[in-house]
Amino acid sequence: NALYTASKILVITADSAEYVYNATERSVTTATVNVSGVTVTGYTVSGSRTDVGSTTTTVTLDSVKVMNGATDVTYQYDISTANGLLKITPATTTATATGYDAKYDGLAHGITVTPTVPGGSTVYYSLTEGTKPSDYAETSSPTETNYTPGTTVYYVVTNPNYLPVYGSAVITIDPREIKV
Numbered sequence: 043n044a045l046y047t048a049s050k051i052l053v054i055t056a057d058s059a060e061y062v063y064n065a066t067e068r069s070v071t072t073a074t075v076n077v078s079g080v081t082v083t084g085y086t087v088s089g090s091r092t093d094v095g096s097t098t099t100t101v102t103l104d105s106v107k108v109m110n111g112a113t114d115v116t117y118q119y120d121i122s123t124a125n126g127l128l129k130i131t132p133a134t135t136t137a138t139a140t141g142y143d144a145k146y147d148g149l150a151h152g153i154t155v156t157p158t159v160p161g162g163s164t165v166y167y168s169l170t171e172g173t174k175p176s177d178y179a180e181t182s183s184p185t186e187t188n189y190t191p192g193t194t195v196y197y198v199v200t201n202p203n204y205l206p207v208y209g210s211a212v213i214t215i216d217p218r219e220i221k222v
């Protein structure tokens with residue numbers, strides 16, 4: 043009768059991580075092993091990204107060695123791998139908006155929006171306040187030319203790596219005095 047020993051299963055799982063976007067590349071290079079009391083070497087973990095989104099983190103096996111103290115117990119294990127996930131979530135940002143408040147001059151006036159993060163940012167406008175970026179369709183500020191006691195222009199600043207920024211500013215055009 044031959045002595046038969048069933049192999050144990052050892053799974054090397056690439057770690058997962060979640061970071062808020064900060065314009066730097068984030069990486070995962072570590073893993074977790076499902077068997078305690080052993081040291082496992084001979085593998086690498088990879089997965090990196092900079093922008094908002096998700097990337098699979100993976101384990102690549104090389105010459106894997108499983109040690110229990112000073113004893114090589116690799117032969118006792120069937121070794122497999124499992125993926126993890128690296129996720130970058132949107133950061134917060136701000137924008138400033140300037141309205142217009144002056145006497146009638148016959149010219150069209152709108153609002154000016156300045157995103158804190160100009161690179162990759164797009165400003166959209168609306169005369170009605172929305173709750174999601176798709177509610178804002180105009181790519182330039184609505185304007186007023188004639189007297190208005192206050193026209194509110196709403197805006198949203200979008201950027202793939204940041205949460206949307208909502209706000210508003212007012213256009214006020216006062217009547218000119220007519221002197222006779």
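In this text, residue positions in the sequence shown follow our numbering: the first is 43, and each later residue adds one. The beta carbon of each residue, even a glycine, is placed where N, CA and C say it ideally should be.
The three-state reading of DSSP puts S96 in strand, counting E and B together. Here A150 is near T185, since their CB atoms are less than 8 Å apart. In the DSSP assignment, A211 falls within the beta strand (DSSP E) that extends over Y204 to D216. Burial is judged here by how many other beta carbons sit within 10 angstroms of a residue's own beta carbon; P202 has fewer than 16 and is exposed. Approximately 17 Å separates the beta-carbon atoms of T100 and N76; this is outside 8 Å, ruling out the contact.
Shown here, Y117 sits in a helix according to DSSP, grouped into three states. Under the three-state reduction of DSSP, P160 is assigned to coil, being neither helix nor strand. One thing to note: L128 has its Cβ within 8 Å of the Cβ of T97. Between I54 and T123 the beta-carbon gap is near 5 Å, inside 8 Å, which marks them as a contact. The shortest CA-to-CA distance from P132 to any of V87, L205 and L103 is the one to L205. According to the DSSP secondary-structure assignment, L52 is paired through a beta bridge with I121. DSSP, read as helix, strand or coil, puts P191 in strand.
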